[in-house]
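Asker: As they're listed, the protein sequences go chains A and B.
Residues in the first sequence are numbered from 1 upward in steps of one, following UniProt numbering.
Residues in the second sequence are numbered from 1 upward in steps of one, following UniProt numbering.
Heads up, the beta-carbon is just placed ideally off N, CA and C, and yes, glycines get one too.
Please read through the structure below; I'll follow up with questions.
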Amino acid sequence: FGIMAGKVKWVTDIEKSVLINNFEKRGWIQVAENEDWNFYWMSVQTIRNVFSVETGYRLSDDQIVNHFPNHYELTRKDLMVKNIKRYRKELEKEGSPLAEKDENGKYIYLDFVPVTFMLPADYNLFVEEFRKNPSSTWIMKPCGKAQGKGIFLINKLSQIKKWSRDSKTSSFVSQSSKEAYVISLYINNPLLIGGKKFDLRLYVLVSTYRPLRCYMYKLGFCRFCTVKYTPSTSELDNMFVHLTNVAIQKHGDDYNHIHGGKWTVSNLRLYLESTRGKEVTNKLFDEIHWIIVQSLKAVAPVMNNDKHCFECYGYDIIIDDKLKPWLIEVNASPSLTSSTANDRILKYNLINDTLNIAVPNGEIPDCKWNKSPPKEVLGNYEVLYDEEMAQSDGPERDPRGRAGQSAGAKGSRARDLGKPVLTTWK
Amino acid sequence: VSLHKPEIKLESLKEDIKDFLKTSGWEKKLQNAVYSELNVFPLPCHPAAPPEHIKEPLAYMRKAQGSWEKRILKSLNSMCTELSIPLAQKRPVSEQKELLNKWNEMGTDEPDLSLFRPVYAPKDFLEVLMNLRNPNYENGEQPSFRNHLGLIQVPLKVKDISELKEDFSELGLNIGQLGIDDSAQVPPEFFENEHVRVGQKVLAEEDSAAAQQYVRQGCPTALRAELWALILNISNQPEDILYYEQLKSNVIQHDLLVDSLIYKDVKLTASNDDYYFVFEDYLYQVLLCFSRDTSVLEHFTYSSATPPKSYIQGKLGMEEYAVFYPPNGVIPFHGFSMYVAPLCFLYHEPSKLYQIFREMYVRFFFRLHSISSHPSGIVSLCLLFETLLQTHLPQLFYHLREIGAQPLRISFKWMVRAFSGYLATDQLLLLWDRILGYNSLEILAVLAAAVFAFRAVNLMEVTSLAAAEAVLADLSTLKVMPLLQIFLFATVT
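In structure tokens form, the structure reads like this:
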């Protein structure tokens, strides 16, 4: 007893300094997994064990973990698509205006995931779609892997013959979820800046799914490909051109260790406002927020809204040359590895702000709390969507375009001290 | 075309043409062109003044610039001889083809540049400026507070704060500014919305002079590219695009030694910059063409500099065999590419980007690396900076001087680069708005002094040049407009 009482006891199985430094600076105490702990920052493998039917255990009120039990509903590529498709159908069934379609049968507001099929389950459906546009390129991604592993591009049916369900040459065990792939229409008209392709990495913190309460980190970044983008088919095999994962880019010849090929989102905003205008830029960022919130709403009904959980997701988004954002995937365990000094600072601050929201006052948590942190602790997060607030009368509204709805509306290196913006949609 | 009418009367022809010019927009275009010339070329002076007086009236400055140029050229020639690389050579056809294919991604090229070194760096230039003396001015006294304590020891006239307040009156405390009055805490109805509305009107009117006045309060980000183009009178006509393409083909056909210097500079500076690395390829596309652009030679009539001359092999001294080297007469130095980099945030079409840069260079940037008495020349800017600091922060100036940290040693590189690479891009653009608005670089010296004023408390505590450099190493969080406003209008003098 004595001075040790009242201090948060933490465990982690991810040995990253950005995490550990944050725990230590709060005066928290490191313990082992089998001891009494209050806070466990776990890898996705561990969360599976904690909540599994056979080996799992009950968490007590003073214990918090950093994943939702079935986060994979959002973070596995095939399940994410499945949930979004289900969500759209449900809205359509109930006649919601959100599910409105245009004259080509495409959803006006909910078409934000590139056409995707599961393989081998949807192989025939895929072939039908492929034949409509035989010159299109498709990207094959293994469902269960991260960091760009196992991804390849195809533009001919012959390249994926072995995923055909009827294929006799297939040694494929179609039941094994580990071998499952998704195949998505490749966005071959990405927005290029300086002739280079990039994607957006945005961090989104969810403290509860029902009611949905989520925060967006203002300091997201763009990851640029080090090699010039060309849609030419001869470059299909060159993964440096097509994939923006830093894990892959890091091994390219041109990788730079000062900036790491990354741009802040505020730079992106400045560039787009300067070259394309303010309205279309605001619209783009509004749409980005929209698709994030919609993706969370899509999985909210099936998520196990365990009160011991919070989660910080890494959203990957690509913008095409018509300034339309596309949701590529959501990561449950965004990389905490730092590739540059700036990166280290960003991730350190990300964890810091996340902990300030998830573990109020840095004290021993009580998972029964209302999960409504005061504005002052948000740090670089801003409220993205608060379902409770949205449904109550007279929701708080900040003047539009003032603090901005996204990271750093002013395009400056300094922290934007703008007020958090509550966005409310019907 | 509308004049091909049978109703055209000879009596009213003059008035009809005037009306036609108005309605077709040509009157405005002519006005803008004339306004542009007025901004760029010096006022007519005494008819008997020889051309070198128009370049630079003071003889000792001309002499110093001449010596400096000789030094640079010597350095370039010796590099040339050491490495056995010709100053210029025609590319073999295969190499031409390769370069053409790679035109949009020259950044992926990795030529061996280890043997090349920049011809000079800003600090070399500072040494030269420090040694400038007016032979007609004998100052036998030891430096003291009654005269000048700084590094620049030439008696040029520079403005004092009251004159600067007048000149920069639009930056006053009770006048709306972008960079201050558009911050998150200020409702847009207060200033920003109206300012944007006026900006759109100015653009619709296509009036250069009005645009120049307007941008003194800052450009809205969405309007900046067009406003700058209007002020610089760049319209990107088909003939301009054609001219750029012609320059591009010159690059393809001939290889210049300075190309390697450009490559090296981009790789050392912009490629490592958090903001500008994305635009690496555009920088090559602009700078390689710039080196070959002989129209840039025109600016030497009003610059104190003279383009280096090279002679065809074996014909040394024979004027018929003299060529300017490089063709545009400008030898790049370390950091040169940073003049172009910020513009990439505004213009994504290479020929327009090129023209904007070229015009910015022949109006402003050339003054930052040539020795002259012009009020916007680097010598005057240095003196202005030191005088402002010595007058308004004498304790700080004296302290820094005592510990061997002459302030100019730190601020020189900021001013030579017009702060590119030191400020965050959005702040830099707000600063360059005012350079265009006031058609003067003096604001660079004022900002440099304002930065020292801002960090004065920390600077008073340092005891070495290295420590002073450290305090001023990172300017990326600074907001330029509040700094300028406070220094000019809210500092007790």
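So B:Asp255 and B:Arg91 are in contact, right, with Cβ under 8 Å, and what is the actual spacing, rounded?
Answerer: Yes, B:Asp255 and B:Arg91 are in contact; Cβ-Cβ is about 5 Å, under 8 Å.
Asker: Does the Cβ of B:Val446 have 16 or more other Cβ atoms within 10 Å, making it buried, or fewer, making it exposed?
Answerer: With 16 or more other Cβ atoms within 10 Å, it is buried.
Asker: Tell me, which residues are paired with A:Cys143 by DSSP?
Answerer: None, per the DSSP bridge assignment.
Asker: Compare the C-beta of A:Trp263 with all C-beta atoms of chain B and state if any pair is closer than 8 Å.
Answerer: At least one chain B Cβ lies under 8 Å of A:Trp263.
Asker: Just curious, the beta strand (DSSP E) that A:Arg213 is in, first and last residue?
Answerer: Start and end: 213-217.
Asker: Just to make sure I have the definition right: I need the residues of chain B whose C-beta is within less than 7 Å of the C-beta of A:Leu270. Which are they?
Answerer: Residues of chain B passing the Cβ test: Thr221, Phe345, Thr425, Asp426.
Asker: A:Thr275 touches chain B at which residues, Cβ-Cβ below 8 Å?
Answerer: Those are Ala225, Phe345, Leu346, Tyr347, His348, listed as they occur along chain B.
Asker: Using 8 Å as the Cβ pair cut-off and three pairs as the minimum, do the stretch 434-452 of chain B and the stretch 379-394 of chain B touch?
Answerer: The answer is yes - the stretch 379-394 of chain B touches the stretch 434-452 of chain B, with three or more Cβ pairs under 8 Å.
Asker: At a cut of 8 Å, does the stretch 339-348 of chain B reach the stretch 205-213 of chain B through at least three beta carbon pairs?
Answerer: No, the stretch 339-348 of chain B does not touch the stretch 205-213 of chain B.
Asker: Going by Cα to Cα distance, which pick from A:Glu103, A:Asp111, A:Trp369 is closest to A:Asp61?
Answerer: Nearest of A:Glu103, A:Asp111, A:Trp369 to A:Asp61, Cα basis: A:Trp369.
Asker: Could you say if the stretch 194-210 of chain B and the stretch 28-45 of chain B meet the contact criterion of at least three C-beta pairs nearer than 8 Å?
Answerer: Taking 8 Å as the limit for Cβ pairs, the verdict is that the stretch 28-45 of chain B does touch the stretch 194-210 of chain B.
Asker: Verify the CB distance criterion: does A:Asn267 have a CB-CB separation below 8 Å to chain B?
Answerer: Closer than 8 Å: yes.
Asker: Determine, using beta carbons only, whether B:Glu56 comes closer than 8 Å to chain A.
Answerer: No, B:Glu56 does not count as interfacial toward chain A.
Asker: Below 8 Å between beta carbons is the criterion; list the residues of the stretch 101-123 of chain B that meet it against any residue of chain A, in chain order.
Answerer: Answer in chain order: Asn104, Glu105, Gly107, Thr108, Glu110.
Asker: Which whole-angstrom value describes the C-beta separation of A:Trp163 and A:Leu125, a residue pair presumed to lie in contact below a C-beta threshold of 8 Å?
Answerer: Contact flag wrong, Cβ pair sits at about 12 Å.
Asker: So with Cβ pairs under 8 Å, would you call B:Val34 a contact of chain A?
Answerer: With 8 Å as the cut-off, B:Val34 does not count as an interface residue toward chain A.
Asker: Since A:His259 meets chain B, which of its residues come closer than 8 Å, beta carbon to beta carbon?
Answerer: Ordered by position in chain B, the residues that pass the 8 Å Cβ test against A:His259 are Asn272, Asp273, Asp274, Phe277.
Asker: Can you pull out the residues from the stretch 320-353 of chain A whose beta carbon lies closer than 8 Å to at least one beta carbon of chain B?
Answerer: Correct list: Asn342.
Asker: Run down chain D in chain order and give the residues with a C-beta less than 8 Å from the C-beta of A:Lys278.
Answerer: Considering every chain present, this structure includes no chain D. Its protein chains are A and B.
Asker: Looking only at its chain, what residues have a beta carbon closer than 8 Å to the beta carbon of B:Thr294, apart from the 5 residues adjacent to it on each side?
Answerer: These residues qualify, in order along the chain: Phe324, Pro327, Asn328.
Asker: Can you tell me whether A:Cys367 is helix, strand or coil according to DSSP?
Answerer: Note: A:Cys367 maps to coil in three-state DSSP.
Asker: From A:Gln405 to A:Lys347, what does the alpha carbon distance come to, in whole angstroms?
Answerer: Legend: pLDDT at A:Gln405 = 34, less than 50; position of this residue unreliable, no value from coordinates given.
Asker: One question on the structure: do A:Val8 and A:Gly379 come within less than 8 Å of each other, judged by their Cβ atoms?
Answerer: No, they are not a contact pair.
Asker: Using a Cβ-Cβ cutoff of 8 Å, what residues of the stretch 105-117 of chain A are near chain B? List them in chain order.
Answerer: Cβ contacts with chain B: none found.
Asker: Skipping 5 residues on each side, what residues in its chain have a beta carbon closer than 6 Å to that of A:Lys307?
Answerer: Around A:Lys307: Cys367.
Asker: Where do the N-terminal and C-terminal ends of the alpha helix (DSSP H) with B:His399 fall, by residue?
Answerer: Counting along the chain, the alpha helix (DSSP H) containing B:His399 begins and ends at 394-402.
Asker: Using 8 Å as the threshold, is the stretch 95-111 of chain B in touch with the stretch 243-254 of chain B, meaning 3 or more CB pairs across them?
Answerer: These segments touch.
Asker: Any beta-carbon of chain B closer than 8 Å to the one on A:Gly194?
Answerer: Chain B contact via Cβ: present.
Asker: Hey, does A:Phe224 have any beta-carbon neighbour from chain B nearer than 8 Å?
Answerer: Closer than 8 Å to some Cβ of chain B, the Cβ of A:Phe224 qualifies, so yes.
Asker: Buried or exposed: where does B:Gln485 fall if 16 or more other Cβ atoms within 10 Å of its Cβ makes it buried?
Answerer: Burial call: buried.
Asker: What ranges does the beta strand (DSSP E) occupy inside the stretch 326-396 of chain A, keeping only unbroken runs of at least 3 residues that lie completely in it?
Answerer: You should have 381-386.
Asker: Just list the residues that DSSP pairs A:Tyr57 with in beta bridges.
Answerer: According to DSSP, A:Tyr57 bridges with nothing at all.
Asker: When DSSP builds the beta bridges, which residues end up paired with B:Arg367?
Answerer: In the DSSP output, where bridge partners are listed per residue, B:Arg367 has none listed.
Asker: Below 8 Å on the Cβ atoms is my contact criterion, and I expect B:Leu87 with B:Leu257 to pass it. Report the Cβ-Cβ distance as a whole number of Å.
Answerer: At roughly 5 Å, the Cβ-Cβ gap stays under 8 Å, so B:Leu87 and B:Leu257 are in contact.
Asker: Distance check for B:Leu368 and B:Met415, CA to CA, integer angstroms please.
Answerer: Each residue's Cα considered, the two are about 8 Å apart.
Asker: Just verifying my parser: in three-state terms, what is the DSSP assignment at B:Ala322?
Answerer: Strand, per DSSP.
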